[in-house]
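Protein chains in written order, with the working numbering: chain A, 1 to 273; chain B, 1001 to 1273.
Protein chains: 2
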Amino acid sequence: MAIPQSDEFSILMNKRPNLQQCTDPQTECIACPIRKMALFRGVPKKELGWTQEFRDAQYLLPARKTLYREGDTAHSIYTLFDGWIILFKILDNGKRQILRFVLPGDFFGFQVNGTGAAAGYTHGAQALIESTLCAFPRTRLRSMMEKQPQLAIGLAEMGMHDMTLCQHHLIGTGRKNARESIAFLLLELFYRVRMQMQNGFDEATNSIIFPLTQEDIGDAIGLTSVHVNRVLKEMEREELIRCQRKRLTILDEETLMEIGQFDPGMIAPKELV
Amino acid sequence: MAIPQSDEFSILMNKRPNLQQCTDPQTECIACPIRKMALFRGVPKKELGWTQEFRDAQYLLPARKTLYREGDTAHSIYTLFDGWIILFKILDNGKRQILRFVLPGDFFGFQVNGTGAAAGYTHGAQALIESTLCAFPRTRLRSMMEKQPQLAIGLAEMGMHDMTLCQHHLIGTGRKNARESIAFLLLELFYRVRMQMQNGFDEATNSIIFPLTQEDIGDAIGLTSVHVNRVLKEMEREELIRCQRKRLTILDEETLMEIGQFDPGMIAPKELV
DNA sequence: CCGTTTTATTGATTTAAATCAATTAACGGA
DNA sequence: TCCGTTAATTGATTTAAATCAATAAAACGG
């Protein structure tokens, strides 16, 4: 299947040196296995033909590479097809705050400052592991939504879900101690990977792929990597978790949920009505 | 002008004992002065007639009263017409995290767990000062959006704006110290009140109405009221601000912006495209 | 496989903010 | 205007987490 190269494509490739176009895209939108949880969840299958037209192309972003930086001109919005991406912001003092962990099916890149051609991303985006992205030109987003109101509703619903996660992170950094906050984050990511990543979860060992460094964890919840390490080590000594070799194993889910005040329902996707 | 009492009205009045219906609503939706920044921003004026039909009624919520608690059945979504409301969550340990400050024109009450009749609010809502609300029955939200896609786009845009604020709060609690975090919050609220509240801003003194207690400030950014007090006092000694008698005066905006790493553009309402 | 660069780990010390504890000031209602 | 309650203020002390510092262990790129 050939995907036509739009104008946006060449722009995108110039501006995003780390991207490689997928020569053999894995799916058409209509058959997309993650569609049910993604932006197009509410869009009837027969309508998905035109989604394909809007879509720019599928791209591959290698592990640890930057997709865009804060302030970069925002040409595209993205759906993550496969992989793991972080959105973050660097402060004046050099510290980094991770704003969001993007997993397959999640939609990102729509938060910008300014409008039209002057729109610039409010945050940076970087891959933790090799990731496959579907890119949609921003310029067509509004007409897409006008053509298919379900899309706007879907966008609002996803926004609501992201908001819930952001608020829980806020609670974590604001009103929980390191142990509680880390327990919550580990469980959140564990449940999300289990739901969203085809190959991320290993049922036999109750473990997930976990590409975060201890510094990443710290930057997500406002701690130093040193302190994250101490807390993780203690949790390992208590046989609550095992966190090694880019794999996170949950050994005592119940206790961990109590510590983190975590309930899977809290992070389940929401419907608007 | 008589507003018909819907079924939802009686439900609402039973479930929300603090609410009083406005006998003389201040405006029809079509003439609403805050519409331009609210949910109906994008809706053409000639279409606003039906908004009126969807709207339940206008209500008055006295100062310091609770509108709803976390877990309460979610019958309505709200637009704040006038006043000041906080959305918050109480943790197991009794601590409170303020999630959002709602100012006139803001839309809230749509974050729920569960669907349909089982939907319950994920957070509590309480008035800081006497507030006037427009209530819309949740059950009609989807049909409203299908009738008027602009509404869904507007909702997505407002969600994006709220998300930006939430992310900035996350940065504040996660990666800023008390002084920086407080400076940012004061400026954010100062700018928002100036933009959103007709009577909130006094140009002569460069001050705003500021009904937060020092405990509220602390609960918003993850500090104790004792520490908030010390930082505020120091800022007053430095002639950066004056914060007394429910009024906040900004004396040295420039320095304060530097301390808080604040830029008004960061919190400006965003457009989706 | 090997040198290089990141990450993880652990100990010693410091510090920003919490906690504990009183007072004083302001506010709201009778 | 008085009284009871809530909010603000200030000092003394403790503590969770940061910082500083030094290896050890993994991961990576040829």
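All residues carry an ideal CB built from backbone N, CA and C; glycine is no exception.
heavy atom of the ligand GTP below 7 Å from residue i C-beta
i, result
"Asn-1113/B", "Questions concerning the ligand GTP fall outside what the structure shown contains, since it holds no ligand whatsoever."
For residue j and residue i, the rounded distance between their alpha carbons
i, j, result
"Thr-115/A", "Leu-1067/B", "36 Å"
"Arg-1138/B", "Tyr-1078/B", "9 Å"
"Lys-89/A", "Gln-1167/B", "10 Å"
"Ala-1156/B", "Arg-1237/B", "43 Å"
"Glu-984/B", "Ile-1153/B", "Since the first residue shown for chain B is 1001 and the last is 1273, residue 984/B is missing from the structure and cannot be characterised."
"Asp-92/A", "Pro-211/A", "27 Å"
"His-1169/B", "Met-163/A", "12 Å"
"Met-266/A", "His-161/A", "10 Å"
"Asn-206/A", "Gln-214/A", "21 Å"
"Arg-1064/B", "Thr-1132/B", "13 Å"
"Val-231/A", "Ala-204/A", "26 Å"
"Asp-1082/B", "Asp-1252/B", "28 Å"
"Lys-45/A", "Met-1158/B", "28 Å"
"Cys-29/A", "Pro-104/A", "14 Å"
"Pro-269/A", "Thr-1255/B", "42 Å"
"Ala-1117/B", "Ala-117/A", "43 Å"
"Ile-1241/B", "Ile-1208/B", "12 Å"
"Asp-1216/B", "Lys-15/A", "44 Å"
"Tyr-1059/B", "Ala-1031/B", "17 Å"
"Leu-165/A", "Lys-1233/B", "34 Å"
"Gly-71/A", "Gly-1172/B", "20 Å"
Supposed contact pair residue j and residue i - C-beta distance, whole angstroms, cut 8 Å
i, j, result
"Gly-174/A", "Gly-1094/B", "Contact flag wrong, Cβ pair sits at about 14 Å."
"Gly-1109/B", "Ala-1125/B", "7 Å"
"Ala-135/A", "Ala-57/A", "6 Å"
"Val-1102/B", "Ile-1129/B", "With a Cβ gap of about 12 Å, Val-1102/B and Ile-1129/B do not count as contacting."
"Gln-219/A", "Gln-97/A", "In the sequence on display, residue 219/A carries Asp and not Gln. Contact flag correct, Cβ pair sits at about 6 Å."
"Asp-106/A", "Leu-141/A", "Asp-106/A to Leu-141/A, Cβ: 16 Å. No contact."
"Met-257/A", "Leu-187/A", "6 Å"
"Asp-113/A", "Leu-61/A", "Residue 113/A is actually Asn in this sequence, not Asp. With a Cβ gap of about 23 Å, Asn-113/A and Leu-61/A do not count as contacting."
"Ile-250/A", "Phe-190/A", "6 Å"
"Arg-100/A", "Leu-87/A", "4 Å"
Helix, strand or coil at residue i according to DSSP, with G and I counted as helix
i, result
"Gln-1238/B", "A small correction: the amino acid at residue 1238/B is Glu; Gln does not occupy that position in the sequence shown. Of the three classes helix, strand and coil, the one that applies to Glu-1238/B here is coil, per DSSP."
"Arg-1138/B", "helix"
"Asp-202/A", "strand"
"Ala-1119/B", "coil"
"Glu-8/A", "Residue placement at Glu-8/A is flagged as unreliable, the pLDDT there being 49, under the threshold of 50; the coordinate-derived value follows with that caveat. DSSP places Glu-8/A in helix when its eight states are reduced to three."
"Gly-124/A", "strand"
"Phe-88/A", "strand"
"Glu-180/A", "helix"
"Gln-1021/B", "strand"
"Thr-1213/B", "coil"
"Arg-1016/B", "coil"
"Gly-83/A", "strand"
"Gln-1196/B", "helix"
"Phe-40/A", "coil"
"Gln-261/A", "coil"
"Cys-1032/B", "coil"
"Arg-1247/B", "strand"
"Leu-103/A", "coil"
"Asn-1113/B", "strand"
"Arg-1096/B", "strand"
"Ala-1057/B", "strand"
"Thr-1224/B", "coil"
"Glu-157/A", "helix"
"Glu-1253/B", "helix"
"Glu-1130/B", "strand"
Under 8 Å by beta carbon: chain B residues contacting residue i
i, result
"Val-112/A", "Lys-1270"
"Pro-149/A", "Met-1145, Glu-1146, Pro-1149 and Ala-1152"
Where residue i meets chain B, residues with beta-carbon distance less than 9 Å
i, result
"Pro-44/A", "In chain order: nothing, as chain B lies at least about 13 Å away."
"Gly-260/A", "Within chain B, no residue comes near Gly-260/A; the closest Cβ sits about 10 Å away, beyond 9 Å."
"Thr-122/A", "Thr-1164, Gln-1167, Met-1266 and Lys-1270"
Contact set between residue i and chain A, taken where Cβ atoms lie within less than 7 Å
i, result
"Thr-1213/B", "Per Cβ cutoff of 7 Å: no residues; Thr-1213/B is ~17 Å from chain A at best."
"Lys-1089/B", "Ile-171"
Under 7 Å by beta carbon: chain B residues contacting residue i
i, result
"Cys-166/A", "Met-1163, Cys-1166, Gln-1167 and Leu-1170"
"Ala-117/A", "By Cβ distance, chain B contributes nothing, its closest Cβ being about 11 Å from Ala-117/A, past 7 Å."
"Thr-173/A", "Leu-1170, Thr-1173, Gly-1174 and Gly-1222"
"Asp-92/A", "Gln-1261"
"Leu-99/A", "Gln-1167 and Leu-1170"
Interface partners of residue i on chain A, CB under 8 Å
i, result
"Met-1160/B", "Phe-110, Gln-111 and Gly-159"
"Asp-1216/B", "What Asp-1216/B touches in chain A: nothing, since even the nearest Cβ is about 13 Å away."
Any contact between the segment 1242 to 1252 of chain B and the segment 1261 to 1268 of chain B? By contact I mean 3 or more CB pairs, one from each, below 8 Å.
No: the two stretches stay apart, fewer than three of their Cβ pairs being nearer than 8 Å.
Three or more beta-carbon pairs under 8 Å between the segment 121 to 133 of chain A and the segment 144 to 162 of chain A, yes or no?
no
Okay, do the segment 1186 to 1203 of chain B and the segment 1125 to 1145 of chain B touch, 3+ Cβ pairs below 8 Å being the bar?
Not touching, per the Cβ criterion.
Looking at C-beta atoms only, is the number of pairs between the segment 225 to 236 of chain A and the segment 1174 to 1186 of chain B that lie closer than 8 Å three or more?
no
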